[in-house]
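> Here the protein sequences line up with chains A and B, keeping their order. Residue numbers for the first sequence follow our numbering, so the first one is 365 and each next one is one higher. Residue numbers for the second sequence follow our numbering, so the first one is -15 and each next one is one higher. Below are the structure tokens for one structure; questions will follow.
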Amino acid sequence: MVSQATQLAVKAEAIVKNYGETAVLRGLELSLPVGEVTVLLGTNGAGKTTLLRILAMLTSIDSGNVSIYGTDLSRNGPDVRALTGSVLHSPMLYADMTIRENLMFFAEMYRLQNVDDLIAQTTEKVGIEQRIDDRVRTLSHGFQKRVALARALMHDPQLLLLDEPESGLDTRSVSRLDQIIDDYRSAGRTVVMTTHIVEHALEIADRAVVLNNGLVGLNSANPSGDRAEILAAYSPDTESSGSAHQ
Amino acid sequence: MKGSLAIIWAIGRKDLLLEIRNKDVVVAVAGFALLVVVIFTFATDLNQANAKLVGPGVLWAGIAFAGVTGLNRAFALEVEGNTLEALMLAPISRDLIYLGKALGNFLFITVAQIIVIPVFAVLFNLVVFRWEMLAISLLTTLGFSAVGTLFAAMSVRVRAREVMLPLLFLPVVTPLLMAAVESTSHMVNGRSWSDMSQWLQLAVAFDVAFIVVSAFIFQHILED
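Right, here's the structure in full:
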């Protein structure tokens, strides 16, 4: 069972991940407290997406330990996955099913109860209720991203993982996303997200972690105050070698 | 147990819904198998003796080769939309994903057989609407789906997957194909259940072994 007493949402110890000859994470150490919004920054290939995929249990690690809410990822896989909700690069939806059918299917995968009510609440939260019976194929990329967000939120996860969630979203949708993130923080939940829109990220985050060549280059619990250091550590000039896997 | 069955059924039902809308797999499998059967009716002198001799082989070779096409497509759809990863995010054990996908493939191949077998019966003038044929079909389709789902998952990320899947799949299902052909041959020649029992037992053993082993291996295949 997952310990509720733990204060760390994420604890990563000496994580190593290689793709063939390419080292993406090189002994990464990271602890993220419960109830914070953490933004992962870094150039292409720094290891942000790989780290998120590891936390989502889509990618295995070569060595090290990762735990989420006190539970080791290498054990209790389904239990840990129930704690996380993920929106990754691709919306990961069935294009020939409607929004409602997609959400109902994934509700079954998460063994949720009162599915109709849950779908109504979640679709309203992300602003997709008016097109709920449209097939995903007919939606824009930004709209599909909102459906993916609805799917991630539906089971009310403790840890929300967002990989560049603002990509493809219009200004209004980004504001709505910010509100969702804020509500999550207020409810004592944890958000870990990646982004390339650094200025915006520093405004909404409680913590900024800059990854550099598969290691934590900077971990700031005061992103607004440490703006200059964060921007200096986040150097777009130095593209890392593992970019193919981002 | 009930929850696991509900998950397996939900995945199979979802595949069926997508297939009803797209008709990718059943049309490909039934079309290919029908083509094989029709070509052989022209290629051989189909008197009663010849039909009984070559018919079972033609039927199952057609279904096996056509099945590869369908198996390829069924998993490719999950990968193209990255929906396989969405399934992997869910708090379910990965053998349930395997069993759900295998159920979907079982349903597709069964539907294709419902189209192909009557046409085969007419063209080859053989009596196949018997309980024995139902048992042979179900056992063979179960084995095809069990092995095919595993190998489709293994080959789906490979660039030459259309080549890789038949290379992996067909040698492994050869014992099952032999059992299907021999049982069908006994049936069309009017022999009893006991004459075909050893082949049916082989099919049952194959199915049980491969469902268990494939479900175990499948979770390791999904690891990145």
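Each residue gets a CB set at the ideal place from its N, CA and C atoms; glycine is no exception. Being a predicted model, the structure only gives us computed values, none of them experimental.
Using only alpha-carbon positions, find the residue among B:Val196, B:Ala12, B:Gly(-4), B:Asn56 that is nearest to phenylalanine 153 (chain B).
Phenylalanine 153 (chain B) has its Cα closest to that of B:Asn56, out of B:Val196, B:Ala12, B:Gly(-4), B:Asn56.
> Tell me, please, whether the CB atom of leucine 397 (chain A) is closer than 8 Å to any CB atom in chain B?
Inspection of the sequence shows that residue 397 (chain A) is occupied by proline rather than by leucine. Cβ-Cβ to chain B under 8 Å: no for proline 397 (chain A).
> How is aspartate 436 (chain A) classed by DSSP in three states: helix, strand or coil?
Strand.
> Give the list of continuous alpha helix (DSSP H) stretches no shorter than 4 residues that lie fully inside the segment 383 to 454 of chain A.
Runs of the alpha helix (DSSP H) inside the segment 383 to 454 of chain A: 412 to 419, 441 to 447.
> Taking DSSP as the reference, what is the three-state secondary structure of lysine 375 (chain A)?
Note: lysine 375 (chain A) maps to strand in three-state DSSP.
> Go to methionine 180 (chain B), then tell me how far its alpha helix (DSSP H) extends in each direction, as first and last residue.
Taken as a continuous stretch (DSSP letters only), the alpha helix (DSSP H) holding methionine 180 (chain B) covers 177 to 205.
> On the premise that aspartate 542 (chain A) lies in contact with arginine 499 (chain A), defined as a C-beta separation below 8 Å, what is that separation, rounded to the nearest angstrom?
Between aspartate 542 (chain A) and arginine 499 (chain A) the Cβ distance is about 29 Å, and since that is not below 8 Å, they are no contact.
> Is any heavy atom of the ligand GTP found at a distance shorter than 7 Å from the C-beta of leucine 533 (chain A)?
You won't find the ligand GTP in this model; it holds no ligand whatsoever.
> My understanding is that asparagine 577 (chain A) touches arginine 417 (chain A), with C-beta atoms under 8 Å, so please give their C-beta distance in whole angstroms.
In fact, because the Cβ distance is near 18 Å, the residues do not count as touching under 8 Å.
> Mind pulling the alpha helix (DSSP H) runs of 4 or more residues that sit fully within the segment 453 to 481 of chain A?
Runs found: 463 to 473.
> If you scan the segment 42 to 93 of chain B from start to end, which runs of the beta strand (DSSP E) of 3 or more residues do you find wholly inside it?
Within the segment 42 to 93 of chain B, no complete beta strand (DSSP E) run reaches 3 residues.
> Between the Cα of asparagine 637 (chain A) and those of A:Gly441, A:Ile492, A:His453, spot the shortest distance and give me the residue it belongs to.
Within the shown structure, residues of chain A are numbered from 365 to 610, placing residue 637 (chain A) beyond reach of any answer.
> Looking at the C-beta of threonine 67 (chain B), does it have a partner C-beta in chain A at a distance below 8 Å?
Yes, its Cβ sits closer than 8 Å to a Cβ of chain A.
> What residue from A:Leu452, A:Asp520, A:Lys489 has the CA that sits closest to threonine 559 (chain A)'s CA?
Of the candidates A:Leu452, A:Asp520, A:Lys489, the one whose C-alpha sits nearest the C-alpha of threonine 559 (chain A) is A:Leu452.
> Which residues does DSSP list as the beta-bridge partners of alanine 572 (chain A)?
Paired residues: A:Val403, A:Ser584.
> CB valine 374 (chain A) to CB leucine 405 (chain A), shorter than 8 Å?
No.
> Show which residues of chain B have a CB atom less than 8 Å away from the CB atom of tyrosine 593 (chain A).
Looking at the sequence provided, one finds glutamate at residue 593 (chain A) rather than tyrosine. Residues of chain B passing the Cβ test: none, with the nearest at roughly 33 Å.
> Whole angstroms are fine: how far does the CA of alanine 193 (chain B) sit from the CA of serine 607 (chain A)?
Any answer about serine 607 (chain A) is weak, because its pLDDT of 40 lies below 50 and its placement is not dependable; what the coordinates show is given next. Roughly 42 Å between the two C-alpha positions.
> Quickly, what does DSSP pair valine 556 (chain A) with across the bridge? List them, please.
Answer is A:Thr402, A:Leu525, bridged to valine 556 (chain A).
> Where does arginine 499 (chain A) fall in DSSP's three states?
Three-state DSSP puts arginine 499 (chain A) in a strand.
> I want to see whether chain B comes within less than 8 Å of aspartate 443 (chain A), judged by CB atoms only; does it?
At least one chain B Cβ lies under 8 Å of aspartate 443 (chain A).
> Going by other Cβ atoms of all chains shown within 10 Å of its Cβ, with 16 needed for buried, is alanine 27 (chain B) buried or exposed?
The residue is exposed, with fewer than 16 neighbouring Cβ atoms inside 10 Å.
> Which residues share a DSSP beta bridge with lysine 36 (chain B)?
In DSSP, lysine 36 (chain B) forms no bridge with anything.
> Give the range of the alpha helix (DSSP H) segment to which tyrosine 548 (chain A) is assigned.
From DSSP, the alpha helix (DSSP H) with tyrosine 548 (chain A) extends over 535 to 550.
> Under the three-state reduction of DSSP, which class applies to lysine -2 (chain B): helix, strand or coil?
Three-state DSSP puts lysine -2 (chain B) in a helix.
> Among A:Val401, A:Ala410, A:Glu385, whose alpha-carbon lies nearest the alpha-carbon of leucine 392 (chain A)?
That would be A:Ala410, whose Cα lies nearest to the Cα of leucine 392 (chain A).
> So, using beta-carbon positions, are serine 198 (chain B) and valine 156 (chain B) closer together than 8 Å?
No, these two residues do not count as a Cβ contact at 8 Å.
> Residues in its own chain within less than 6 Å of valine 20 (chain B) by CB, not counting five upstream and five downstream?
Cβ within range, chain order: Gly46.
> Give the DSSP-derived three-state secondary structure of leucine 579 (chain A) in the structure shown.
Residue state, collapsed to three classes: strand.
> Can you find the residues in the same chain that come closer than 7 Å, C-beta to C-beta, to leucine 566 (chain A), ignoring five residues on each side of it along the sequence?
So the list reads Ala572, Pro587, Ser588, Arg591, Ile594, once near-sequence residues are dropped.
> Would you check if the distance between the CB atom of leucine 0 (chain B) and the CB atom of glycine 88 (chain B) is smaller than 8 Å?
Contact: yes.
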